[in-house]
Amino acid sequence: MSVSSSSYTRKRDVKLPEKYFDINNYTTLNAYRDLLSYILKEDICPLPSEIADDLNPKPWVTVQYQKATKNYIDHFKAKPRYFTQYPNFTIIYGVSLASALGSANKDESNALWDYTNQILSSLKILPDEKLLDIFIPAAIGKVYNDDSFQTQFINILVEKYSITTFFPHYITFLQSVVETKKINRYHISIVTKIVTTYSIDSHDLEALKGVIDSLKMESFPGVQSQVKLLKQALMEFESEQFNYQSSFSPRENSQLMKRSPARSVSSRHSFLSGASSFAAPSARSISPEILEEILENAESGTFESSTGILNEARAQLERLKEFPRNRSFEPLFNLALETYKKRDTTDEEKKHIYLLMTSLNTLCNPIELLNIYLKNQNNKKYQGDFLEQCYQHFLKTSGVSEIVSKTTKLPVSLVVQSELAPRKDIEFAFTCLNYWESSYDGVRRVWELIKNEPEIDINEYFDPLDFTQKCFLITGLRAHMMDDNLESLEPVIEKLDSRMMNETKSARVAREAQIVGEKMSELIKTETPKMRNYRSPAGSSRSSSRQTPSRLDSSHSSRYGDYSKYETGSRFGNLKHLDGTKFDSSSRVSSSAYKSDLLKDLPSDRSSRITPRKFSLANQDKSDFMMKTPNSRVLSKPPSSSSKASVNVALSRNTVTAEVRAKVLARTANAKTPVRQTHV
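Numbered according to the UniProt record's numbering, the sequence shown terminates at residue 680, and the numbering increases by one at each position without gaps.
In structure tokens form, the structure reads like this:
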């Protein structure tokens, strides 16, 4: 990351051609990608080439966006001078990259907005004023409700440039969103806050009134209440302006007027009375009429953003503490559950939806709400665990158990996990993906599922895949998306891509280790019975001489010791009585001691020496006497049922003197403990 400053020659800051100042262009992600491509050109970018290469997010995929974001922050921390001396490039890059990330990468986008806010606040040299026509749509062009990071960015712009400089550019932005029919309640609420906080130049005031008058209310039913509030604020402002002007000389009246201290703010967060969010509307914007309009729009579906209208409904209900009696709350209930399950709904938005559901639980008729919960108990359109969470809150806070009759038993839970049957088509698609021969067919099947059901949840099957399998799947899905020309599904694929990249290496290793541990546990459970059978006593039903030692007959027992009262304990030679008591190890004779004692009197002549293998009933099939233990050690088994004559035959086949034969027979006849020999 280090860059040598000795070889670096300072360049001029970025100056954009006029075509980049057309505010109507900044309605798509491609506009910001084009802007990024331009400012990162070698002959345009003022930064050293080493840094510029690290900041380039091409190709336009989530991995590259995340890498560029990290590099941007790291380079600024390491060499802040490179960025602060080029404010145009620095802020253009920050807002363009944050906007290009889009809603599909909400977490990365918020992190970048937050850092860009810090950089903008610290700049001593501000970017060119004309760049406000790029900064404003980048921040709030596609924001439908309060977003603290974008809102803070607007606040900093007002603070840094002053309202006199900022407001004309904001009016230009309003004209653009009205013409393209992309205006929403949030855009108008910002104007209302400005009008009720600052004094506005008369020229800008007339321009604002012209924009408001051009709004055809029938074309924008979702903003009627906010427009009414704005018009009311403008009337109050003009009244105050008239009273103020009548109190001073004409010369003083020509100056831009300041609001009284009561109407202004000293907070660094600007015109929100010390708040950094538009989430909580002022008391003036809370009324039953506005709530009625919001519920009407929610019921008819005339809204730009479901999360935006749900947030507005939540704010109204929290202040009014009453739900309109003449309206059904079921449409709002259903919209909240549908929005919660959407893939592009952020964690913060889900928190607001839950707060809305808690308001419904406490304000609505308990019996009617109970019927709605029960009706949606098995509704697959909604997320079961969230529905259950809301239902549990309903049982605790609504007092419904005290209202229903004692004979009516309320269900303790709405969702039973065992009833959630797995999707066979999803399982089959990922099964195909796990095998090399059918991996391409698996990708195609997953694509068909996503294409037919964009809201389908495949995380349960996606997470266990290896990293390479995930990359293979995402690459294949992108190829199918391009072939079918369905770029509208890009956020779905981007969500999977983000999920893959957000899983850290340690988390992935821990998950894979857990899987291995579970498999080992299953293996141990299945193999343990086999090992027990393998170590079973000689009298067991298993008859294989390779696995179970043979028991001696009575004649051999008297000569070699009574083996029948012992069983093999472990591969280390421990012995146990058949009644379970432990054998006294003090009376045992080690195999090595026994063998050395047995062979000490053998002749030294190599040709006549009895080797351990020959001594172990040498010419018989060794499979009758040898077995392998789990650690591959080969142990001699006790001799199978035989007579004294068989021992004599075995010894006679070796060239051993009669004296030695007699000593061997004497020692074996007097042995009182079982002997286990290690075959060398």
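The C-beta atom is built at its ideal place from N, Cα and C for all residues, glycine as well.
Notebook entry, point to check: Three-state secondary structure (DSSP) at proline 168?
Noted result: helix
Note to self: Helix, strand or coil for isoleucine 286? Go by DSSP, reduced to three states.
What the structure shows: coil
Note to self: Alpha carbons only, please: which of Pro464, Leu230, Asp441 and Cys45 is nearest the one belonging to residue 752?
What the structure shows: Only positions 1 to 680 of the chain appear in the structure, and residue 752 is not among them; the question remains open.
Note to self: Let me confirm a value: arginine 445 is counted as buried when at least 16 other C-beta atoms fall within 10 Å, else exposed. Which label applies?
What the structure shows: buried
Item checked: Proximity of leucine 317 and serine 359 at Cβ, strictly below 9 angstroms -> yes
Next item on the list: Say whether chain C places a C-beta atom closer than 9 angstroms to the C-beta of glycine 102.
Entry: Reference to chain C is not applicable here, since this structure consists of a single protein chain.
Notebook entry, point to check: Going straight from the alpha carbon of serine 162 to that of histidine 169, what length do you get?
Noted result: 12 angstroms
Item checked: Rounded separation between tyrosine 65 and threonine 151 - CA only -> 23 angstroms
Checklist line | Distance CB(proline 127)-CB(isoleucine 91) smaller than 9 angstroms | finding: yes
Margin query: Can you look up phenylalanine 323 in the DSSP assignment and give me helix, strand or coil?
Written below: coil
Check: Quick one: what's got a C-beta closer than 6 angstroms to leucine 174's C-beta in the same chain, skipping five residues either side?
Finding: Val211
Note to self: Can you check which of these residues, Gly141, Ala68 and Asn110, is closest to alanine 31 by C-alpha distance?
What the structure shows: Gly141
Note to self: Applying the 10 Å Cβ sphere with the 16-neighbour rule, what's the burial state of lysine 375?
What the structure shows: exposed
Notebook entry, point to check: If you draw a straight line from the alpha carbon of asparagine 105 to that of leucine 486, how long is it in whole angstroms?
Noted result: 19 angstroms
Notebook entry, point to check: CB-CB under 7 angstroms to lysine 19, same chain, minus the five flanking residues each way: which ones, in chain order?
Noted result: none
Note to self: Judging by CA-CA distance, which residue of Glu453, Tyr461 and Asp457 is the nearest neighbour of cysteine 432?
What the structure shows: Tyr461
Next item on the list: Please list, in chain order, all residues of the same chain as histidine 393 whose beta carbon is under 7 angstroms from its beta carbon, the five residues on each side excluded.
Entry: Thr358 and Asn361
Check: Hey, asparagine 63 and methionine 501 are a contact pair by Cβ (cut 8 angstroms); roughly how many whole angstroms apart?
Finding: Going by the sequence as given, residue 63 is valine instead of asparagine. So it is a contact: roughly 6 angstroms between Cβ atoms.
Notebook entry, point to check: Between alanine 233 and the rest of its own chain, which residues show a CB-CB distance below 6 angstroms, the 5 nearest in sequence each way excluded?
Noted result: Thr192, Val195 and Thr196
Item checked: Euclidean distance between Cα positions of arginine 314 and asparagine 184 -> 17 angstroms
Check: Per the contact definition of three or more C-beta pairs closer than 8 angstroms, is the region 378-397 in contact with the region 342-358?
Finding: yes
Item checked: Proximity to leucine 215 [Cα-Cα], best of Ser199, Ile294, Thr180 and Asp201 -> Thr180
Margin query: Using the Cβ count rule (16 or more neighbours within 10 Å means buried), how would you classify glycine 517?
Written below: exposed
Notebook entry, point to check: Starting from arginine 185 and walking both ways along the alpha helix (DSSP H), at which residues does that stretch end?
Noted result: 185-197
Check: Are the beta-carbon atoms of tyrosine 82 and isoleucine 51 separated by less than 9 angstroms?
Finding: yes
Check: Does DSSP classify tyrosine 38 as helix, strand or coil?
Finding: helix
Check: Which residue's Cα is closest to the Cα of glutamate 453: Lys470, Trp436, Arg423 and Arg319?
Finding: Arg423
Next item on the list: Counting only the same chain and skipping the five closest in sequence on each side, list residues whose C-beta sits under 7 angstroms from that of proline 366.
Entry: Ser398, Gly399, Val400 and Ile403
Margin query: Are the CB atoms of isoleucine 154 and isoleucine 119 within a distance shorter than 9 angstroms?
Written below: no
Check: Between Val412, Asn297, Phe89 and Pro59, which lies nearest to leucine 101 when the distance is taken from Cα to Cα?
Finding: Pro59
Notebook entry, point to check: Quick one: Cα of aspartate 54 to Cα of asparagine 71, how far?
Noted result: 6 angstroms
Check: In chain order, what residues of the same chain have a beta carbon less than 8 angstroms from the beta carbon of aspartate 204, not counting five sequence neighbours either side?
Finding: Phe167, Pro168 and Ile171
Next item on the list: Consult DSSP for tryptophan 113 and reduce its assignment to one of helix, strand or coil.
Entry: helix
Next item on the list: Assign valine 158 to one of three DSSP states: helix, strand, or coil.
Entry: helix
Note to self: My output table needs one value for arginine 478: the three-state DSSP class, helix, strand or coil.
What the structure shows: helix
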